Amino acid sequence: MHARSMVALTILAGLALLASSSLYVVKETQTGIRLQFGKIVETDIGAGLHMKIPVYNTVRLFDTRVQTLDTRPSRYLTGDRKGVIVDSFVKWRIVDVTRFYQATSGDQQVAASLIAPRVDQALRNEFGRRSLQEIVSEQRDELMAGPMVTLNRALAEEMGIAVIDMRVKRIELPTEVTASVYERMRSERQREAREYRAQGQEEGERIRARADRAREVLLAEAQRDSEIMRGEGDAIATRTYAAAFGQDPEFFSFLRSTQAYQAAFNSPDDLIVVSPRSEFFRFLDNSSGRQ
92 MHARSMVALT
102 ILAGLALLAS
112 SSLYVVKETQ
122 TGIRLQFGKI
132 VETDIGAGLH
142 MKIPVYNTVR
152 LFDTRVQTLD
162 TRPSRYLTGD
172 RKGVIVDSFV
182 KWRIVDVTRF
192 YQATSGDQQV
202 AASLIAPRVD
212 QALRNEFGRR
222 SLQEIVSEQR
232 DELMAGPMVT
242 LNRALAEEMG
252 IAVIDMRVKR
262 IELPTEVTAS
272 VYERMRSERQ
282 REAREYRAQG
292 QEEGERIRAR
302 ADRAREVLLA
312 EAQRDSEIMR
322 GEGDAIATRT
332 YAAAFGQDPE
342 FFSFLRSTQA
352 YQAAFNSPDD
362 LIVVSPRSEF
372 FRFLDNSSGR
382 Q
């Protein structure tokens with residue numbers, strides 16, 4: 092009985108080993124190929140449970156999800172012969188498993204080593220066509236559109252992969268040219284500042300000149316108007332005095348004499364030497380003013 096149990100267990104173990112080596116599972120994120128002594132006999136095996144002949148068949152599974160390749164920063168020359176350091180990455184996935192296996196033997200490290208030079212070449216060609224000003228000012232999506240199309244076409248034919256996205260993470264100037272570029276930018280900003288100051292001073296001079304001219308015009312007009320008004324006032328006063336003098340000449344002679352006396356003897360120390368019979372004192376001797 093013990094011997095029968097051992098035989099049964101051995102048979103069960105053999106069957107389990109045969110089943111494990113004959114059955115395989117492909118996940119939803121995978122695709123597979125079946126090989127017969129190294130030759131592809133079935134490709135694009137979908138998700139699920141599948142069978143194979145042990146030893147006779149070999150199955151290789153591949154991840155069909157999007158993969159990311161971070162390339163090393165590289166130095167490129169722009170169209171105007173300026174050096175820039177570019178750091179980029181590429182997102183790709185397998186679309187033709189047969190071509191991918193034939194190109195890389197299913198090794199993703201080999202795939203990365205084949206993709207990286209292609210990325211470098213596509214970026215080098217694109218940056219070589221554009222000036223530094225265009226590279227800095229244009230949108231990154233527009234900058235990478237051309238290289239992405241070129242790279243996708245080449246890799247699809249050679250390796251059976253599709254480029255999903257291609258981006259530049261950063262663009263930097265080499266250390267040896269950074270100082271000169273900054274100095275050139277500083278000089279350009281200073282030149283613009285001088286131009287703005289000169290324009291401001293010129294405009295300020297024009298404004299001050301207009302203000303001074305307006306001031307002189309206002310003063311001249313005010314002086315003219317005041318002289319006119321003063322002349323008119325003097326004319327009115329003269330006419331008034333003349334009319335008043337004409338009504339009573341003796342009274343106004345007396346009034347002028349009293350004003351002269353007040354002005355002559357304004358202080359106790361005032362002294363005047365004149366003949367008592369002088370015309371000046373005629374109203375002191377006689378209130379009527381007669382000699």
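FYI, the numbering for the sequence shown is 92 to 382, going by our numbering.
By construction, the Cβ of each residue, glycine as well, lies at the ideal position given by its N, Cα and C atoms.
The structure displayed is predicted, hence computed values, not measured ones.
Item                                                                                                       : Value
Contact set for Ile-206: own chain, Cβ-Cβ below 8 Å, skip 5 residues either direction                      : Leu-160, Val-181, Trp-183, Leu-246, Met-250 and Ile-252
CB contact below 8 Å: Gly-137 versus chain D                                                               : Looking at the structure shown, chain D is missing, and only one protein chain is on hand.
Distance CB(Pro-164)-CB(Val-177) smaller than 8 Å                                                          : yes
First through last residue of the alpha helix (DSSP H) which encompasses Ser-179                           : No alpha helix (DSSP H) contains Ser-179, which is instead part of the beta strand (DSSP E) from 174-185.
Bridge-paired residues (DSSP) for Gly-197                                                                  : Per DSSP, none; premise fails for Gly-197.
Closest Cα partner of Arg-258 within the set Val-132, Phe-128, Thr-162 and Tyr-147                         : Thr-162
DSSP-derived helix/strand/coil call for Tyr-147                                                            : coil
Own chain residues within Cβ distance below 6 Å of Val-157, not counting five before or after              : Lys-182, Arg-184 and Ile-255
Bridge partners - Val-254, DSSP secondary structure assignment                                             : Trp-183
Contact check, Tyr-147 vs Phe-218, beta carbons under 8 Å                                                  : no
C-beta contact flag for Thr-134 and Ile-144 at 8 Å                                                         : no
Ile-298 burial status per 10 Å Cβ neighbour count (16 or more: buried)                                     : exposed
Three-state secondary structure (DSSP) of Thr-122                                                          : strand
Buried versus exposed call for Leu-310 [16 or more other C-beta atoms within 10 Å across all chains shown] : exposed
Any non-hydrogen atom of the ligand MG closer than 7 Å to Thr-122 Cβ                                       : No copy of the ligand MG appears in this structure; indeed no ligand is present at all.
Helix, strand or coil at Leu-264 [DSSP, three-state]                                                       : coil
Cβ pair Lys-173, Leu-214 closer than 8 Å                                                                   : no
Residues near Met-142 by beta carbon distance below 7 Å, same chain, minus five either side                : Ser-113 and Leu-114
Pair within 8 Å by beta-carbon distance, Arg-244 and Tyr-192                                               : no
CA-to-CA distance, Ser-179 to Val-188, given in whole angstroms                                            : 26 Å
Rounded Cβ spacing between Val-210 and Leu-242 (contact assumed at less than 8 Å)                          : 6 Å
Member of Pro-238, Ile-136 and Arg-321 whose CA lies at the smallest distance from the CA of Leu-126       : Ile-136
For Gln-121 and Thr-149, believed in contact at Cβ under 8 Å, the rounded distance                         : Rounded, the Cβ-Cβ distance is 16 Å, inconsistent with contact.
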